[in-house]
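In the UniProt record's numbering, the protein residues as written are 3 to 469.
Even for Gly, the Cβ is constructed at its ideal location relative to N, Cα and C.
In this text the structure is predicted, and so the values were computed from the model without any measurement.
The structure under discussion appears below in the form of structure tokens.
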Ligand code: NAD
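This is the structure:
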């Protein structure tokens, strides 16, 4: 296990020898007691989760700073406050989400009533990623609680300070009979995946996503996979270049590019690149100064292995600005690359770091084909002032999520589902979509004893049916 801190004390449920089967059995017994299905309990647990975040806000921000050099303001905005927003939204809508939904009843089933009854799935597993180690662990938990489930959380071992802190605090605030946290890496995750779950929500790369799905298949467990990919950022000639440049620089260099929905590469014409590239450089300097390394607002790569991986991509193009690296200190400068070959690693793999290759096309009308020749991405960005251009690209290019004239902001809309398509993932969460992910929508019909026509009962006769 790669850690940046000295080895940590194992928590109650972490380290070797934890009994995954006993853990799940205990939670399942509690689930069967019916406590977690009560709306009052769900409310109370959501309130406690919110209290955990507000009581310990400074400690969470410090942990995020230790793991990723996350500036406190950025940590607050993208992790703590984002999760609190999820909780508030769930509390506000819980009654509506949990209510049975009426459906029409056909004549043959009259008199009767039909409705859809959301019910909790049971005991679910949530496996988090390291880049937003708090939000990507707790936001799915908000949905699991709202839907009335028990849950086991597996935070990423690559963000050890955050993992440790959540493991310390969660049992102090939440119902210990319903929730558990297992810290650890591959052995612990493997032991968890051998158990039978009612749902697994995994966030991370596609390679492990396949391991998770294969393990789930053995138990017929449904999965939500929140994966990644190369999210294109298309800029048309009519875009407002200054605003676009600032929003793109923000989308790319926040968290030093380690965001699953960060724009991976730029796609525009040569003429647009001539104006856009200097504008992105100006926007980047305005945010992090001439020496981003000294900026308190610029993050670090999660570990030196990933820093080396990203540093190796730099040679795949011509550096327009940035390009400095210090792998031992996990620093990669915000960097823009031009003249990048399409067969190079930086254009074949998800970058997941602060490098932005610019792909220049002769003809803007080729952007859709360029995108469609590649795997379906998690996000797609289009900057244009022409609605028809935006709509044409949205209609022709498939992606998990999309944003016109900005990056990543769809994350702030509670009513939008968040999820990938194809290799960028399956299923979605956020707001009611998360509630739905962790619920079974049970179809119920209630009949009355009034009338019991014998039409459907054997023996059949010509009197009953005219064929
Ligand atoms: P990863 O896939 O290596 O790890 C994710 C989790 O899987 C960790 O908790 C880890 O302990 C566990 N794990 C690792 N190897 C395992 C194994 N062999 N067996 C069982 N479990 C194992 O994470 P990563 O690839 O470094 O994360 C980056 C990727 O995640 C990027 O592709 C990024 O786009 C994606 N991501 C997606 C989202 C999203 O919401 N869609 C969010 C963040 C990151």
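With DSSP as the reference, identify every bridge partner of residue 2, one or two as the case may be. The structure shown has nothing for residue 2, since the chain only spans 3 to 469.
Under the DSSP definition of a beta bridge, which residues are partnered with residue 154? Reading the chain shown from its first residue, position 152 is the one you call residue 154. According to DSSP, which records beta bridges pairwise, residue 154 is partnered with 127, 182.
With contact counted as at least three CB pairs below 8 Å, one residue from each stretch, are the segment 174 to 187 and the segment 93 to 103 in contact? no
Own chain residues within Cβ distance below 8 Å of residue 86, not counting five before or after: The sequence position of residue 86 within the chain shown is 84, counting from 1. Contacts found: 52, 55, 56.
For residue 349, the three-state DSSP class (helix, strand or coil): Walking along the chain shown from the start, residue 349 turns up at place 347. Correct three-state label for residue 349: helix.
CA-CA distance, residue 540 and residue 262? Because residue 540 is not part of the residues shown, which for the chain are 3 to 469, the question remains open.
Please report the straight-line C-alpha distance between residue 307 and residue 45, rounded to a whole angstrom. By 1-based counting over the chain shown, the position of residue 307 is 305. By 1-based counting over the chain shown, the position of residue 45 is 43. Looking at the two C-alpha atoms, the distance is approximately 42 Å.
When DSSP labels each residue in this structure, what does residue 373 get in the three-state scheme? Along the chain shown, one-based indexing puts residue 373 at 371. Residue state, collapsed to three classes: helix.
Assuming residue 471 and residue 372 make a contact with CB atoms under 8 Å, what is their CB distance in whole Å? The question about residue 471 has no answer here: the residues shown for the chain are numbered 3 through 469.
Would you say the segment 399 to 413 touches the segment 200 to 214, given that touching needs at least three Cβ pairs under 8 Å? no
May I have the straight-line CA-CA distance separating residue 418 from residue 431, to the nearest angstrom? Numbered from its first residue, the chain shown carries residue 418 at position 416. Numbered from its first residue, the chain shown carries residue 431 at position 429. Between residue 418 and residue 431, the C-alpha separation is close to 9 Å.
8 Å CB neighbourhood of residue 39 in its chain, flanking five on each side removed: Position 37 of the chain shown, counted from the first residue, corresponds to residue 39. Same-chain partners within the cutoff: 121, 122, 150.
Does the Cβ of residue 11 have 16 or more other Cβ atoms within 10 Å, making it buried, or fewer, making it exposed? As a working note, residue 11 is residue 9 in the chain shown. Unreliable placement is indicated for residue 11, whose pLDDT of 37 sits below 50; the coordinate value is still reported in the next sentence. Exposed.
Along the beta strand (DSSP E) that carries residue 337, what are the first and last residues, could you check? The residue given as residue 337 occupies position 335 in the chain shown. Per DSSP, residue 337 belongs to the beta strand (DSSP E) from 337 to 340.
Is residue 352 near ligand 1, in the sense that its beta carbon is under 7 Å from a heavy atom of that ligand? Taking the first residue of the chain shown as position 1, residue 352 is located at position 350. Flag set: Cβ of residue 352 near ligand 1.
Where does residue 103 fall in DSSP's three states? As a working mapping, residue 103 is identified with position 101 in the chain shown. DSSP places residue 103 in strand when its eight states are reduced to three.
Local conformation of residue 91 per DSSP, three classes: As a working note, residue 91 is residue 89 in the chain shown. Correct three-state label for residue 91: helix.
Nearest-angstrom Cβ-Cβ length linking residue 440 and residue 145, presumed shorter than 8 Å: Here residue 440 is taken as the residue at index 438 of the chain shown, counted from 1. Here residue 145 is taken as the residue at index 143 of the chain shown, counted from 1. Contact between residue 440 and residue 145 holds, with the beta-carbon distance rounding to 5 Å and staying under 8 Å.
Same chain, Cβ closer than 6 Å to residue 200, five either side skipped, listed in chain order: Residue mapping note: residue 200 aligns to position 198 of the chain shown, counting from 1. Once the five neighbours on either side are set aside, the close Cβ partners of residue 200 are 123, 124, 125, 126.
Determine the direct distance from the alpha carbon of residue 426 to that of residue 401, and round the result to whole angstroms. Counting from 1 along the chain shown, the entry for residue 401 is found at position 399. Counting from 1 along the chain shown, the entry for residue 426 is found at position 424. The alpha-carbon atoms of residue 401 and residue 426 are separated by roughly 8 Å.
State the Cα-Cα distance for the pair residue 360 and residue 169, rounded to the nearest angstrom. The count along the chain shown starts at 1 and reaches residue 360 at position 358. The count along the chain shown starts at 1 and reaches residue 169 at position 167. Distance between the alpha carbons of residue 360 and residue 169 is about 41 Å.
Cutting at 6 Å between CB atoms, please list the residues of its own chain near residue 341, excluding the five before and the five after it. Locating residue 341 in the chain shown gives position 339, where the first residue counts as 1. Cβ within range, chain order: 319, 320.
Residue 315 by DSSP, collapsed to three states: which one? Counted from its first residue, the chain shown places residue 315 at position 313. Of the three classes helix, strand and coil, the one that applies to residue 315 here is helix, per DSSP.
Less than 8 Å between the beta carbons of residue 264 and residue 233, yes or no? Counting from 1 along the chain shown, the entry for residue 264 is found at position 262. Counting from 1 along the chain shown, the entry for residue 233 is found at position 231. For residue 264 and residue 233, yes; Cβs fall inside 8 Å.
Return the CA-CA distance between residue 119 and residue 443, expressed in angstroms with no decimal places. Here residue 119 corresponds to residue number 117 of the chain shown, with the count starting at 1. Here residue 443 corresponds to residue number 441 of the chain shown, with the count starting at 1. C-alpha separation (whole angstroms): 6 Å.
Selection from 295, 374, 403, 370 that minimises the alpha carbon distance to residue 391: By 1-based counting over the chain shown, the position of residue 391 is 389. The option with the nearest alpha carbon to residue 391 is 370.
Near residue 59, which residues of its chain fall below 8 Å by C-beta distance, leaving aside the five closest residues on each side in sequence? Residue mapping note: residue 59 aligns to position 57 of the chain shown, counting from 1. Counting only Cβ-Cβ distances below 8 Å, and skipping sequence neighbours, we find 78, 82.
Could you give the residue range of the alpha helix (DSSP H) that holds residue 162? For the purposes of this step, residue 162 is taken as residue 160 along the chain shown, with counting starting at 1. Run containing residue 162: 162 to 175, per the alpha helix (DSSP H) assignment.
Cβ of residue 232 within 7 Å of any heavy atom in ligand 1? Along the chain shown, read from residue 1 onward, the residue named residue 232 stands at position 230. Outside the cutoff, so no.
Excluding the 5 residues preceding and the 5 following residue 17 in the sequence, name in chain order all residues of the same chain whose CB lies nearer than 6 Å to its CB. Position 15 of the chain shown, counted from the first residue, corresponds to residue 17. Any reading at residue 17 is ruled out, since the residue's pLDDT is 46, under 50, leaving its predicted position unreliable.
Going along the chain, which residues of its own chain have a beta-carbon closer than 7 Å to the beta-carbon of residue 74, five neighbours each way excluded? As a first step, residue 74 must be located in the chain shown, where it is residue number 72. Here the set comprises 63, 67.
Do you know how far the Cα of residue 258 is from the Cα of residue 139? The residue you call residue 139 lines up with position 137 of the chain shown. The residue you call residue 258 lines up with position 256 of the chain shown. Roughly 20 Å separates the two Cα atoms.
Taking residue 97 as the reference, which of 117, 464, 148 has the closest Cα? Mapped onto the chain shown, residue 97 falls at position 95. Residue 97 has its Cα closest to that of 148, out of 117, 464, 148.
Please report the distance separating the alpha-carbon of residue 132 from that of residue 437. Within the chain shown, the letter at position 130 stands for residue 132. Within the chain shown, the letter at position 435 stands for residue 437. Across the structure, residue 132 and residue 437 are spaced so that their CA atoms are roughly 23 Å apart.
Who are the Cβ neighbours of residue 424 in its own chain at under 8 Å, not counting the five residues just before and after it? For the purposes of this step, residue 424 is identified with residue 422 of the chain shown, where counting begins at 1. If we look at residue 424 and ignore the five residues flanking it on each side, its Cβ neighbours are 377, 378, 400.
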